[in-house]
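K.L.:
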Amino acid sequence: MPDILVAADEAAATELLHDAETTLGTLSRSGSRSLGPFNVSWSASAFLAGGAVDLIVPNVIRISNCELHYNLHFAFSFDLSNIIPDFCLPQICVHIPFIGNVCTPRICVNWPTITIPVNFSDVVRFTADFTLNAHLSGSNWLIDAVIVGIPNLQISVAAAAILAALGVAAGAILLGIPFIGPFLAGAVVAITAAIGIAGITGLLGPILSLFVSGLSFNIYRQPRVFNVLPASLPLDPAVNINLNSIAASVSHTNEDELLIAVEIS
Amino acid sequence: MNSLDSRFCRVGDTFAQKFSQAGRYIYDFNLPGLDQLGKENGRFTISVAKAGDNKPEPKQHFVNVRVAEKKLIADPPNLEIAAGDVVLWSTNDQSTPGFSVSGHSEKDSFNSAALAREALYSHAFGSPEEIEWGDMNGHGLSGKISVKMPATKTASDMDSFKELLTTGTVVTIRGGKAEPAQVSVLVGQTVFFAVEKAEGVTITDRRLKVEIPVLQ
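Chains as they are written, first to last, in my numbering: chain X, 1 to 265; chain L, 266 to 481.
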């Protein structure tokens, strides 16, 4: 029988979770990778919110409908010449009475390397199982809920929206390139087709997974030396107890409860 | 950059000058306004020989302008031509900055930033827009160009468009008047501004006018 036993029902555990989400705050990641002819650099920030806790004996906290709120900034860079054929102005000859025959040279326009920025924000909900991990960290006892595996994130709708946003952004960027006008529609189609939904999904999935892979919520923190009574007089020192061990588990009595068992000395 | 401005020739632009008088011209690339080279200046030459009695058909000579060792270079740097021949300057390198060409002989001169006689500036239009152009040297010359997007939805449209690209539109300038004053072209098409005689004009999109501060 432990010296101290703390119990939290699912409603209380959900509150602990929401506090932990707030403490976790906004996380940021950035990186780059190639995607066919495209170089994609990205930065992302995300925070977690919501979700309801379902306690499962003996050691699982299932969090349902946890929301991952994310902001993404992509910069797709590529040589436009790799997407659409270069354009050549043909030789043109005119006769001008007071000059004579004049011909221009054939001039080919090399399409430039361009960067298309795309910003996107969305929320993806997921359900995941967490295990309880009680451990001593320095002078504190911590109880963390650590995610098991990587949850399946439904991102197909977001991927389609990002691809559409890429098409719109590409159109705006390309519009400023001289001589591209006649090829504008084809270029936008070529760019979005070259990436495709699969490409965006392959890009987005690993980025969002960075925010949930190895996710850990700290739901309980307690100093190993627990101050029961503060010192009041020179001959009346503080009364402390040592928390020798802490264990966390899920138990079912009348209802499912998160139990924290503490041994003291 | 794809701006209509004879003072800054870029990819898609050409400047051509007919050399009717024999003589040795020296020329260089210059800033607009600094149009008169000193007698010793000018890295490039055009030697114009008198046309013989049985004068052959006038020829056109191409000069490609490019950057080498941070300087604008004419390729070929020296030309030998006959009176009545035409020299055309252009660049095919998008990294070449806008340039003007000016030069002179003992009795004659030419300047792409002050088109005066038997000169030609051509520009291929890269974007759909309405352009009002004028002379930045203040001789009152003006005109309008409407650049429209071609229909390119079908292969047939594209073929027609490519065919149209091989035709040019000529605007003739005599004195302070352009004829026709208004033209309509498609994106990618070229307009030739042929100056028969004028007082040193530019062909410049009015939106590019720069107010130059006057020293007090």
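We put the beta carbon where it would ideally sit given N, CA and C, even for glycine. Since the structure is predicted, the reported quantities are computational estimates derived from the model, not experimental observations.
Applying the 10 Å Cβ sphere with the 16-neighbour rule, what's the burial state of L429(L)?
P.N.:
exposed
K.L.:
Cβ atoms of A459(L) and I96(X): under 7 Å apart, would you say?
P.N.:
yes
K.L.:
Given this structure, state the Cα-to-Cα distance separating R331(L) from I338(L), to the nearest angstrom.
P.N.:
5 Å
K.L.:
Pick helix, strand or coil for E428(L), following the three-state DSSP scheme.
P.N.:
helix
K.L.:
So, is R439(L) buried or exposed, given that buried needs 16 or more other C-beta atoms within 10 angstroms?
P.N.:
Per the 10 Å Cβ criterion, exposed.
K.L.:
Would you list the one or two residues that DSSP bridges to A389(L)?
P.N.:
T455(L)
K.L.:
Quick check on DSSP: helix, strand or coil for H404(L)?
P.N.:
coil
K.L.:
Give the residues from the stretch 348-382 of chain L that approach chain X closer than 8 Å (Cβ to any Cβ), ordered along the chain.
P.N.:
G349, V351, L353, S355, N357 and Q359
K.L.:
At a Cβ cut of 9 Å, what residues of the stretch 74-86 of chain X count as close to chain A, listed as they run along the chain?
P.N.:
The displayed structure is made up of protein chains X and L, and chain A is not among them.
K.L.:
Taking beta-carbon pairs under 9 Å, can you tell me which members of the stretch 89-107 of chain X lie near chain L?
P.N.:
L89, P90, Q91, I92, C93, V94, H95, I96, P97, F98, I99, G100, N101, V102, C103, T104, P105, R106 and I107
K.L.:
Compile a chain-ordered list of the residues in the stretch 176-191 of chain X whose CB is closer than 7 Å to at least one CB of chain L.
P.N.:
P178, F179, G181 and P182
K.L.:
If you measure from the beta carbon of D300(L) to each beta carbon in chain X, is any gap under 7 Å?
P.N.:
Caution is warranted here: a pLDDT of 47 is assigned to D300(L), below 50, making its placement in the model unreliable, and the coordinate value is therefore given only provisionally. Chain X, which has no Cβ nearer than 7 Å to the Cβ of D300(L), makes this no.
K.L.:
Indicate whether I173(X) and I116(X) have their beta-carbon atoms separated by less than 7 Å.
P.N.:
Going by C-beta atoms, I173(X) is nearer than 7 Å to I116(X).
K.L.:
Can you tell me whether DSSP reads L243(X) as helix, strand or coil?
P.N.:
Annotated three-state conformation of L243(X) is strand, per DSSP.
K.L.:
Cα separation between F76(X) and I246(X)?
P.N.:
50 Å
K.L.:
Mapping DSSP to helix, strand and coil, what is K462(L)?
P.N.:
strand
K.L.:
Within this structure, are the beta carbons of Q282(L) and A384(L) separated by less than 7 Å?
P.N.:
yes
K.L.:
Look at the alpha carbon of N71(X) and the alpha carbon of A161(X), and state the distance between them as a whole number of angstroms.
P.N.:
Each residue's alpha carbon lies about 14 Å from the other.
K.L.:
Whole angstroms is fine: what's the gap from L166(X)'s alpha carbon to F217(X)'s?
P.N.:
Their Cα atoms are separated by approximately 35 Å.
K.L.:
With distances taken from CA atoms, which of D3(X), V146(X) and S32(X) is nearest L203(X)?
P.N.:
S32(X)
K.L.:
What separation, rounded to the nearest whole angstrom, lies between the Cα atoms of C274(L) and L380(L)?
P.N.:
13 Å
K.L.:
Give the list of continuous beta strand (DSSP E) stretches no shorter than 3 residues that lie fully inside the stretch 174-229 of chain X.
P.N.:
Counting only runs of 3 or more, we get 216-223 and 225-229.
K.L.:
If the cut is a Cβ gap below 8 Å, which residues of chain X does F284(L) touch?
P.N.:
The premise fails here: F284(L) is roughly 11 Å from chain X at the closest Cβ pair, so nothing lies under 8 Å.
K.L.:
Roughly how many angstroms lie between the CA atoms of F364(L) and S407(L), to the nearest whole one?
P.N.:
22 Å
K.L.:
Return the CA-CA distance between F211(X) and G205(X), expressed in angstroms with no decimal places.
P.N.:
10 Å
K.L.:
Starting from T434(L) and walking both ways along the beta strand (DSSP E), at which residues does that stretch end?
P.N.:
First-last of the beta strand (DSSP E) with T434(L): G433 to R439.
K.L.:
With H, G and I counted as helix, E and B as strand and the rest as coil, what does DSSP make of N39(X)?
P.N.:
strand
K.L.:
Of all the CB atoms in chain X, is at least one closer than 7 Å to the CB of F458(L)?
P.N.:
no
K.L.:
Would you kindly check if the distance between the Cβ of V448(L) and the Cβ of I396(L) is under 7 Å?
P.N.:
no
K.L.:
Write down the C-beta distance between I264(X) and N240(X) rounded to the nearest angstrom, noting that I regard them as a contact closer than 8 Å.
P.N.:
About 10 Å; that fails the 8 Å criterion.
K.L.:
What span of residues does the beta strand (DSSP E) with L344(L) cover, start to end?
P.N.:
N343 to A347
K.L.:
Kindly list, in the order they appear in chain X, the residues whose Cβ is closer than 8 Å to that of T432(L).
P.N.:
I92
K.L.:
What are the complete beta strand (DSSP E) segments, minimum 3 residues, inside the stretch 16-71 of chain X?
P.N.:
27-35, 38-49 and 52-56
K.L.:
For L35(X), collect the residues of the same chain with a Cβ closer than 7 Å to its Cβ; drop the 5 residues on either side in sequence, then sort them by chain order.
P.N.:
I195, G199 and L203
K.L.:
Quick one: grab the DSSP three-state call for N119(X).
P.N.:
strand
K.L.:
I'd like to know whether the C-beta of K385(L) is nearer than 7 Å to at least one C-beta of chain X.
P.N.:
The residue asked about is misnamed: residue 385(L) is Leu in this sequence, not Lys. Using a Cβ-Cβ cut-off of 7 Å, L385(L) counts as an interface residue toward chain X, since at least one Cβ of chain X sits closer than that to its own.
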